[in-house]
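Peer 1: The structure's right below; bear with me while I get my questions together.
Numbering (my numbering), first residue to last: 647 to 778.
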């Protein structure tokens, strides 16, 4: 695959994930402040090569990312990916279920952090409270 193809895949995938929804600072913006070239390399690898693979759907990738970030209690990164998950059509109730599932592996503090972060994202999107 050519560099141009990867660049296009990166842009297309990033557009799906990160345009719209809550206005959050993407990690890419922070990376660029320190090293623009390395930021582009990371972005092409993560978004252009990994997230654009078709073994998992983009929704499944986002749900997996949200589960892992919830377990790690990586609140800011979780907000970015929860917003991205909603942008690509993930069901918010399934994300809530995933966050509760982390209790088994990471404990209730991880669940509480994830739910609080997710509520912030939903509020910023004007989608809180969730319908019953």
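From the three backbone atoms N, C-alpha and C, an ideal C-beta is built for every residue, glycine too.
Nearest to residue 665 by alpha carbon, out of 709, 728 and 746?
Peer 2: Answer by Cα proximity: 728.
Peer 1: Check the C-beta distance from residue 767 over to residue 725 and give it rounded, since I have them as a contact under 8 Å.
Peer 2: Confirmed, about 5 Å.
Peer 1: Does DSSP put residue 683 in a helix, a strand or coil?
Peer 2: Note: residue 683 maps to helix in three-state DSSP.
Peer 1: In the DSSP assignment, find the unbroken alpha helix (DSSP H) run with residue 659 in it and report its ends.
Peer 2: Counting along the chain, the alpha helix (DSSP H) containing residue 659 begins and ends at 649-664.
Peer 1: Just the Cα atoms here: how many angstroms apart are residue 751 and residue 723?
Peer 2: Approximately 19 Å, taken between the alpha carbons.
Peer 1: Any contact between the stretch 697-711 and the stretch 659-678? By contact I mean 3 or more CB pairs, one from each, below 8 Å.
Peer 2: Result yes; three or more Cβ-Cβ pairs closer than 8 Å.
Peer 1: I'd like to check one pair, residue 733 with residue 779: are the Cβ atoms closer than 7 Å?
Peer 2: Absent from the model: residue 779. The displayed extent of the chain is 647 to 778, so no value can be given.
Peer 1: Quick one: what's got a C-beta closer than 7 Å to residue 721's C-beta in the same chain, skipping five residues either side?
Peer 2: Excluding positions up to five away in sequence, the list reads 759 and 763.
Peer 1: Are the Cβ atoms of residue 692 and residue 713 separated by less than 7 Å?
Peer 2: No.
Peer 1: Suppose you measure from the CA of residue 747 to the CA of residue 741; what does that come to, to the nearest Å?
Peer 2: Those two C-alpha atoms are separated by around 10 Å.
Peer 1: Measuring only the C-alpha atoms, how far is residue 653 from residue 695?
Peer 2: Answer to the nearest angstrom: the Cα atoms are 10 Å apart.
Peer 1: Closer than 8 Å by C-beta to residue 739: which residues in its own chain qualify, once you throw out the five before and the five after it? Chain order, please.
Peer 2: Excluding sequence neighbours, residue 739 sits near 776.
Peer 1: Please check the pair residue 676 and residue 730, which I expect to be a contact at CB under 8 Å, by giving their CB distance rounded to whole angstroms.
Peer 2: That belief does not hold up - the Cβ atoms of residue 676 and residue 730 are roughly 16 Å apart, past 8 Å.
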